[in-house]
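There are 2 protein chains.
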Amino acid sequence: MQLDDGSVMSTAAGDHHGIRRAIATVCLSGMLEDKLDAAAAAGFDGVEIFEPDLIASSSTPAEVRMRCADLGLSIELYQPFRDFDTALPDELAANLRRAEHKFDVMEELGADTVLVCSSVDATALDDTARIADQFHVLAERAGRRGFRVAYEALAWGRHVNTWSQSWDVVRLGDHPSLGLCLDSFHVLSRTPQPDAIAAIAHLPGEKIFFLQLADAPLMRMDVLQWSRHHRLFPGQGDFDLPLFVDHILTAGYSGPLSLEVFNDIFRQSAPVHTAVDALRSLLVLEEYVARRSPATGEKFGLTSPPRVPSLSGHAFVELSAGAGAAAEVAGALTSFGFTQTGTHRTGRTQLWQQGDARILLNAAADAAADASEITSLGFDSDGKERLAARAATFLATPLPGDDSGMSVTAPDSTVLHFCDAGDDPAWMVPYGPVAAAGEAPGEPVRAATGLTRIDHVALTQPFDYFDEAALFYRAVLGLDPASDTEFAAPFGLVRGRALSDPSGRVRIALQRTLLRRGEWAPNVPDPQHVAFATDDILATARALQERGAPLLTVSDNYYEDLDARFGLDPGLIDAMREFGILYDREKGGEFYHLYTSVQGSRVFFEVVQRIGSYAGYGSANSAVRMTAQRSARAHRSRRAMPAV
Amino acid sequence: MQLDDGSVMSTAAGDHHGIRRAIATVCLSGMLEDKLDAAAAAGFDGVEIFEPDLIASSSTPAEVRMRCADLGLSIELYQPFRDFDTALPDELAANLRRAEHKFDVMEELGADTVLVCSSVDATALDDTARIADQFHVLAERAGRRGFRVAYEALAWGRHVNTWSQSWDVVRLGDHPSLGLCLDSFHVLSRTPQPDAIAAIAHLPGEKIFFLQLADAPLMRMDVLQWSRHHRLFPGQGDFDLPLFVDHILTAGYSGPLSLEVFNDIFRQSAPVHTAVDALRSLLVLEEYVARRSPATGEKFGLTSPPRVPSLSGHAFVELSAGAGAAAEVAGALTSFGFTQTGTHRTGRTQLWQQGDARILLNAAADAAADASEITSLGFDSDGKERLAARAATFLATPLPGDDSGMSVTAPDSTVLHFCDAGDDPAWMVPYGPVAAAGEAPGEPVRAATGLTRIDHVALTQPFDYFDEAALFYRAVLGLDPASDTEFAAPFGLVRGRALSDPSGRVRIALQRTLLRRGEWAPNVPDPQHVAFATDDILATARALQERGAPLLTVSDNYYEDLDARFGLDPGLIDAMREFGILYDREKGGEFYHLYTSVQGSRVFFEVVQRIGSYAGYGSANSAVRMTAQRSARAHRSRRAMPAV
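In order, the protein sequence lines correspond to chains S and H. Quick note: the first sequence uses our numbering, first residue -14, plus one each step. Quick note: the second sequence uses our numbering, first residue -14, plus one each step.
Structure follows, in structure tokens:
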């Protein structure tokens, strides 16, 4: 498929002929059989078999080999073999005996490479030459049986814990069946400086037997705990993996790109979903490597989808609501100065507009009366075909029944629509000639309360999909993640990550709770909101109040504290208090914003005014807002109850 | 109430006249009003008001004051005031203005002490004398209004981050309204060595204005993150808090013992439940301090319940089961060589016995047919009244309808029964004369398969109550926690903590998942099991197999790996494989154990043989066991489905 920027739509996973893509079974939840099925279903070429998965399995190694063959999966690695080198001669004999047992297993499995990690045992050798000697013996035994030993420095190995130490062992061990396994976590957690790993590019490529990839957030903690619990798929953490992979491919490594991610959440998540997330992360990584080094990209057949087009804004946000909630939302939109300017020809969806802010309100006949939900997002760009191509490359699920590729689902099932920018976008056609009270069809609607456009959309993500979602939006829409936030909400900690396009015209704020909710959860489940921009928050607030908008009442204590902290003009504080306007400040900018109460089960609206270079979302005020919304709900439910 | 060891049953919380017990609102989930209600309901004397809780609240400070008065809660502290000292004169003026605002709030609240923590700001002073000067000014202003400033060194303060530095500031600041706040986390996270904090005992007690208590597991990580997410209530972590508190009381501190615990789970948990857990932790701490220093205990009126009696074993384990599951369990018990030796006079509960192992099987008429559950545990001791007194002291909920105090519920709702050791325990009376096929009533039942007694009971805890449960069993039964374990189960990481009495006759193994389960959860929900001891696992296993016990089949791969790792005798490995016997080894001991499949929805049985000093539970084999149980369930549900 030839695209408008001259690029060719890359082949998606499954039918490519470039570098092999693999995943360690330890990344996925379930029994070994579940894991293999998931890896194959997502489109991986191969797997690493994590030994404990095999040991627990009722399938024999030969049966696993057959199952992998049936699924089209190669077995790229058997791992790990631990604590090989030793200062005790008896122990060495036992370890060699143990290795021969594992070679038997590998033979049955049809795996030709075993990962041996540096010893953490008290008896481990502290003598590179002697370690190398012992590995020479091991490699000789492996080689006789046609196997290769890939030696890896664990970041917490007793004496060998850097990649250069492991390279010394391999170099001195000097055996054709002995090579390196490089794991990005172990390398980058110990030497995060880009120049410190540049030497990898000069290794003899044929001595790099295996490459394991994991990302991780930068954390100051025990490296073993960090590795065991907090690894992430590439692009979801803070490591510069494109640089790392580029070095290794430059060295001439030609094995698979293989993911080995220990992560508490993935261990509990549906394995097919995780496997798709995993493969997408590899494809995104390939794109980054190919952009760094086009020749390498070409040589290894790395994924290289068309570049992201320029986004010009949120085309619309679609809400779906049950009968009661729909009336509530329509009332709120009216009070916000929106006008219903069209109705979808099916009769089920209304188009509401003010300025460049557009809301589709969809009557969900089969939903609970009070249900409300953001169901889809429309994005204006100057190249929707390129967005569609990127979405297909990055494994977005097409909307059932849509063949155009212009509508796909995000990890949380929100539908994304890729739209034409301009005056008569195709998506608007079914809404008929757009008309507004007192205005000619097709004319821009009068900005009744000063709202100009959608500033951002905030979506609570399913707990398991938070990191995935951020990478998904980055991959498909080219949004850049801002720094993470964390705040204490009344019912638990909440983590936020906002993304925006380079121009700030499209902004999506993702959030999730720090832990999955338990039984004590009087909060709004999975809240979502749409924020509209204004250039004059006070004028907008006054207009909204006059129109009877369901504005949130903010506590007096908040304004007392604002006064204490910022010493704002008392008249301004009084006005802010009157309308429930919140305030935030950062170097170079200020932020004023106000909220409605929750409309229906989980949707609310925000009005924001950004001043100067303020790029945040006022998360410092989130706990205050959530408490106020909780009070408003409690108040409402008290009113709704019969008097006793 | 006079007890058999001459001690007097201490008054429970709520009506005591000793040291005051307080909790910071930040420990509890919900809105400020929820938190105050919870603190009062649990029996605390006072609270610290955490500023963000007040700021978000729609209650004015005066209303909060009234509410606390109504609830019988004193407001012991307003906290925190941040980043006071500064190198910038303008900033100092702004900070003093900010402080006056907060003094206004305190006046309305009726709080007389404000916590000011050491600055983390870039403009913070790096000059103790100048900091002291600025604090002198602040204290002078506070004093004029009748307030006190309690200065606390945050462990991550920019320049002041140890308690001795904060003491220097207070000493040089030299103002009657300036004193120290000592927070056990900040002190012990920086100086964990017991002797390093001994100097605290020599501080002038009147200069210690406030004492905040938190425990924490020892973790190697960024101290701010450690503090923010992982604090625990006293006795639930690794700090020596009895020593710390003893030092401070020795110094002459006379303020409240106040908990300030930032914890991700507590922030999401039902606040009343958390508050009870919190108060219990303080009571346990008081007991430890009073045991260390009886005079201090007396002087401050610390809780001092009777000592734990000697436990002589598990009297019984009671299972409740729906109709189908009850038949399954009865079948399993029969195949295990148990005999039904009695029936409760209500007809609803059967007594099954073998050796000293006793199971009560309770038909749950209203439960689902396949439901099975461990509902109560009986404990033999030489002083059940003392256990009852301890349970009451430590806030155990009495069993409804039981006035004896001999039956209480644990945090997970399991009922604990305190029983007489000996031949004719009272609990057995309603089961009539105990009879066994072919044996005279009252005679010990023949040990049909070699099972001698209950070795341990394993209970999956509700996610929120894991740490609480461990402290509860420690407090009430005097069980000592062994080290924690963590293992990778097929569907996620699992954390375990086993407790036992000093003699090893009562053992309870608690576990929970590392994260709350999400939607992908094909595991057995909250599994529980009873482990029986044998002195000859092979003979027992053979007898069980002959009797058709539902033994778990363990994978061949497991035995291949056993061979590789331990080089056990091949004949022994063959026998183990035949019966599904698992193996573990530690210095000084070995462990052989086997399992049944899951009987009903969540209960299974284990047989264990401990050799030498082995004190663990074979958690290294848990993933293998769980995978085998999962396979057995899948196999069973396939068989149960109609052929297609």
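Glycine included, every Cβ here is placed at the ideal spot set by N, Cα and C.
**Q.** Where GLU630 (chain H) falls: helix, strand or coil (DSSP)
**A.** The displayed coordinates of chain H run from -14 to 629. Any statement about residue 630 (chain H) would go beyond what the structure contains.
Q) Comparing alpha-carbon positions, which option in S:ASP405, S:MET16, S:VAL145, S:LEU287 lies nearest LEU110 (chain S)? A) By 1-based counting over the first sequence, the position of residue 110 (chain S) is 125. Out of S:ASP405, S:MET16, S:VAL145, S:LEU287, S:VAL145 has the C-alpha closest to the C-alpha of LEU110 (chain S).
Q: Measure from the alpha carbon of PHE364 (chain S) to the alpha carbon of each residue in S:ALA395, S:PHE403, S:ASP341, then state which is nearest.
A: One-based indexing of the first sequence puts residue 364 (chain S) at position 379. The candidate whose alpha carbon is nearest that of PHE364 (chain S) is S:PHE403.
Q.
Any beta carbon of chain S sitting closer than 7 Å to that of ILE662 (chain H)?
A. Past the edges of chain H, shown from -14 to 629, lies residue 662 (chain H), and the structure says nothing about it.
(Q) Which residues does DSSP list as the beta-bridge partners of GLY337 (chain H)? (A) Taking the first residue of the second sequence as 1, we reach residue 337 (chain H) at position 352. In the sequence on display, residue 337 (chain H) carries Trp and not Gly. Answer is H:GLN325, H:ILE344.
Q: Excluding the 5 residues preceding and the 5 following GLY574 (chain S) in the sequence, name in chain order all residues of the same chain whose CB lies nearer than 6 Å to its CB.
A: Taking the first sequence and counting its residues from 1, the one referred to as residue 574 (chain S) is at position 589. If we look at GLY574 (chain S) and ignore the five residues flanking it on each side, its Cβ neighbours are ILE596, GLY597, SER598, TYR599.
Q | Three-state class that DSSP yields for ILE522 (chain S) in the structure shown | A | Within the first sequence, numbered from 1, the residue matching residue 522 (chain S) stands at position 537. Helix.
Q. To which residues does DSSP link GLY190 (chain S) through a beta bridge?
A. Taking the first residue of the first sequence as position 1, residue 190 (chain S) is located at position 205. Its beta-bridge partners do not exist; DSSP assigns none.
Q. At what residues does the beta strand (DSSP E) containing ASP70 (chain S) begin and finish?
A. Against the first sequence, residue 70 (chain S) aligns to sequence position 85. No beta strand (DSSP E) holds ASP70 (chain S); DSSP gives it neither H nor E.
**Q.** As assigned by DSSP and simplified to three states, the class of ASP602 (chain S)
**A.** The residue labelled residue 602 (chain S) in the question sits at position 617 within the first sequence. Correcting the residue identity first, residue 602 (chain S) is Tyr in this sequence and not Asp. The answer is coil: DSSP assigns TYR602 (chain S) none of H, G, I, E or B.
Q. Thinking just about the alpha-carbon of each residue, which of S:ALA356, S:GLN150, S:GLY390 is nearest to the one in TRP672 (chain S)?
A. Absent from the structure is residue 672 (chain S), since the part of chain S shown begins at -14 and ends at 629.
**Q.** CA-to-CA distance, LYS572 (chain H) to THR113 (chain S), given in whole angstroms
**A.** Position 128 of the first sequence, counted from the start, is the residue given in the question as residue 113 (chain S). Position 587 of the second sequence, counted from the start, is the residue given in the question as residue 572 (chain H). Computed Cα separation, rounded: 29 Å.
Q) When burial is assigned at 16 or more other CB atoms within 10 Å of the CB, is THR378 (chain H) buried or exposed? A) To locate residue 378 (chain H), count along the second sequence from 1; it is residue 393. Buried.
Q) Is the Cβ-Cβ distance between ASP511 (chain S) and THR612 (chain S) less than 7 Å? A) By 1-based counting over the first sequence, the position of residue 511 (chain S) is 526. By 1-based counting over the first sequence, the position of residue 612 (chain S) is 627. Not closer than 7 Å, so no.
Q. Can you round the beta-carbon distance between ASP223 (chain H) and PRO202 (chain H) to whole angstroms, since I take them to be within the 8 Å contact cut?
A. Translated into the one-based positions of the second sequence, residue 223 (chain H) becomes position 238. Translated into the one-based positions of the second sequence, residue 202 (chain H) becomes position 217. Yes, ASP223 (chain H) and PRO202 (chain H) are in contact; Cβ-Cβ is about 5 Å, under 8 Å.
Q: Mark ALA124 (chain S) as exposed unless 16 or more other C-beta atoms lie within 10 angstroms of its C-beta, in which case mark it buried.
A: Along the first sequence, one-based indexing puts residue 124 (chain S) at 139. With 16 or more other Cβ atoms within 10 Å, it is buried.
Q. Would PHE457 (chain S) count as contacting chain H if we go by Cβ distances under 7 Å?
A. Residue mapping note: residue 457 (chain S) aligns to position 472 of the first sequence, counting from 1. Not one chain H Cβ lies under 7 Å of PHE457 (chain S).
Q.
Would MET634 (chain S) pass as an interface residue toward chain H - the criterion being a Cβ-Cβ separation below 7 Å?
A. Residue 634 (chain S) cannot be examined here, being either before or after the span of chain S that is shown, -14 to 629.
Q | Segment limits, beta strand (DSSP E) that includes ALA506 (chain H) | A | Your numbering for residue 506 (chain H) matches position 521 in the second sequence. Taken as a continuous stretch (DSSP letters only), ALA506 (chain H) belongs to no beta strand (DSSP E), as it is neither H nor E.
**Q.** Integer-rounded CB distance, given that ARG265 (chain H) should sit under 8 Å from ALA460 (chain H)
**A.** Numbered from 1 along the second sequence, position 475 holds the residue referred to as residue 460 (chain H). Numbered from 1 along the second sequence, position 280 holds the residue referred to as residue 265 (chain H). About 7 Å; that satisfies the 8 Å criterion.
Q.
Please give me, in chain order, every unbroken run of the beta strand (DSSP E) with length at least 3 that falls completely inside the stretch 257 to 335 of chain S.
A. 296 to 306, 324 to 328
Q: May I ask you to report which of helix, strand or coil DSSP gives PRO177 (chain H)?
A: Along the second sequence, read from residue 1 onward, the residue named residue 177 (chain H) stands at position 192. Here PRO177 (chain H) sits in coil by DSSP.
(Q) Taking CB distances under 7 Å as the criterion, tell me whether HIS86 (chain S) reaches chain H. (A) Sequence index remark: in the first sequence, residue 86 (chain S) carries index 101 (1-based). True, the Cβ-Cβ gap to chain H drops below 7 Å.
Q) Residues of chain H with a CB under 9 Å from the CB of PRO512 (chain S): which are they? A) Within the first sequence, numbered from 1, the residue matching residue 512 (chain S) stands at position 527. Neighbours of PRO512 (chain S) on chain H: none; closest Cβ ~16 Å, over 9 Å.
(Q) According to DSSP, is SER616 (chain S) part of a helix, a strand, or is it coil? (A) By 1-based counting over the first sequence, the position of residue 616 (chain S) is 631. Note: SER616 (chain S) maps to helix in three-state DSSP.
Q.
By alpha-carbon positions, which one of S:GLN335, S:SER297, S:PRO383 ends up nearest to PRO418 (chain S)?
A. Along the first sequence, read from residue 1 onward, the residue named residue 418 (chain S) stands at position 433. Closest by alpha carbon: S:GLN335.
Q: Output the residue ranges of the beta strand (DSSP E) runs that lie fully inside the stretch 190 to 231 of chain H and measure 3 residues or longer, sorted by chain position.
A: 193 to 198
Q.
Taking its Cβ as the centre, do 16 or more other Cβ atoms sit within 10 Å of GLY565 (chain H), making it buried, or is it exposed?
A. Here residue 565 (chain H) corresponds to residue number 580 of the second sequence, with the count starting at 1. Classification of GLY565 (chain H): buried, given that the 10 Å Cβ count is 16 or more.
Q) Mapping DSSP to helix, strand and coil, what is ARG11 (chain H)? A) If you number the second sequence from 1, residue 11 (chain H) lands on position 26. The question names Arg, but residue 11 (chain H) in the sequence shown is Val. Three-state DSSP puts VAL11 (chain H) in a helix.
Q) Given a limit of 8 Å on CB to CB distance, which residues of the stretch 233 to 253 of chain S reach chain H? A) ASP249, ILE250, ARG252, GLN253
Q. Can you tell me where the beta strand (DSSP E) with ALA467 (chain H) in it begins and where it stops?
A. Residue mapping note: residue 467 (chain H) aligns to position 482 of the second sequence, counting from 1. Element bounds for ALA467 (chain H): 465 to 474.
Q) What distance in whole Å lies between the Cβ atoms of LEU244 (chain S) and PHE218 (chain S), which are believed to be in contact at a cut-off of 8 Å? A) Translated into positions along the first sequence, residue 218 (chain S) becomes position 233. Translated into positions along the first sequence, residue 244 (chain S) becomes position 259. Yes, they are in contact, since the Cβ atoms of PHE218 (chain S) and LEU244 (chain S) sit about 6 Å apart, within 8 Å.
**Q.** Continuous beta strand (DSSP E) stretch holding ILE359 (chain H): start and end
**A.** Position 374 of the second sequence, counted from the first residue, corresponds to residue 359 (chain H). Looking at the DSSP string, the run of the beta strand (DSSP E) that includes ILE359 (chain H) is 357 to 366.
(Q) Using a Cβ-Cβ cutoff of less than 7 Å, which residues in the same chain neighbour GLU313 (chain H) once the five nearest sequence positions on both sides are dropped? (A) In the second sequence, residue 313 (chain H) corresponds to position 328, counting from 1. Cβ neighbours of GLU313 (chain H) beyond the five flanking positions: GLN584, GLY585.
Q) For GLY477 (chain S), which residues in chain H fall below 8 Å Cβ to Cβ? A) Looking up residue 477 (chain S) in the first sequence gives position 492. Neighbours of GLY477 (chain S) on chain H, chain order: SER14, ASP249, ARG252, GLN253.
Q: Assess, as a yes-or-no matter, whether the stretch 346 to 363 of chain H is touched by the stretch 552 to 571 of chain H under the definition of 3 or more beta carbon pairs within less than 8 Å.
A: no
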